[in-house]
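At position 69 of the sequence shown the residue is numbered 69 (the UniProt record's numbering), and the sequence of numbers has no breaks. Just so it is clear, CB atoms sit at the ideal spot from N, CA and C, and this is done for glycine as well. Just so we're clear, the structure is a prediction, and the values are computed from it rather than from any experiment. Input: a single structure, listed below in structure tokens.
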Amino acid sequence: MAHDRVPSGTAAEDDHLMTTATWNGTVIAESDDIVTVEGNAYFPRASVREDVLRPSSTHTTCPWKGEASYLSLEVDGQVNPDAAWYYPEPKDAAREIAGRVAFWRGVEVR
């Protein structure tokens with residue numbers, strides 16, 4: 001399992017650079033407190049724009065992280081289904097992503 005706290009030990013830490021998640025021309029999340037797990041950037045939930053999140057009934061299970069819940073994004077009338085996920089109660093091995101959200105499905109994270 002590959003996971004580390006970013007920007008720890010990176011240029012981002014030295015420069016205090018923000019990481020952003022953008023979809024449909026809109027910044028969805030922005031933070032300098034990112035945890036990267038298996039190549040996915042997990043943003044603190046407080047840094048995510050709640051007004052663009054929509055509930056989803058989709059759930060998946062990871063053997064070491066636990067059950068993931070999904071959220072859809074809605075920006076300017078366009079919906080990106082299940083484009084965000086989080087672990088409401090992550091297993092102990094993944095406790096560092098508690099309270100965090102990750103993105104995929106066309107959401108650009110930089």
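Drop a sphere of 10 angstroms on the beta-carbon of residue i, count the other beta-carbons inside from all chains shown, and report buried for 16 or more, exposed for fewer.
i	result
S47	buried
K65	buried
A93	exposed
V79	exposed
T60	exposed
T36	buried
M1	Annotation note: pLDDT 46 at M1 (below 50); position unreliable, coordinate value reported separately. M1 is exposed by the Cβ-count criterion.
D4	At D4, the pLDDT of 47 sits below 50, so the modelled position is not reliable and the matter cannot be decided from this model.
Per DSSP, what are the beta-bridge partners of residue i in this structure?
i	result
V107	According to DSSP, V107 bridges with nothing at all.
Y70	W85
A29	A21, V48
P90	Looking at the DSSP assignment, P90 forms no beta bridge with any residue, so it has no partner.
R100	P44
R54	S72
If residue i sits next to residue j, beta carbons under 8 Å apart, how far is it from one beta carbon to the other, in whole angstroms?
i	j	result
residue 122	V109	An answer regarding residue 122 cannot be provided, because it is not within the stretch 1 to 110 covered by the chain.
A83	V107	5 Å
A68	Y87	6 Å
R49	I34	Not a contact, Cβ separation roughly 16 Å.
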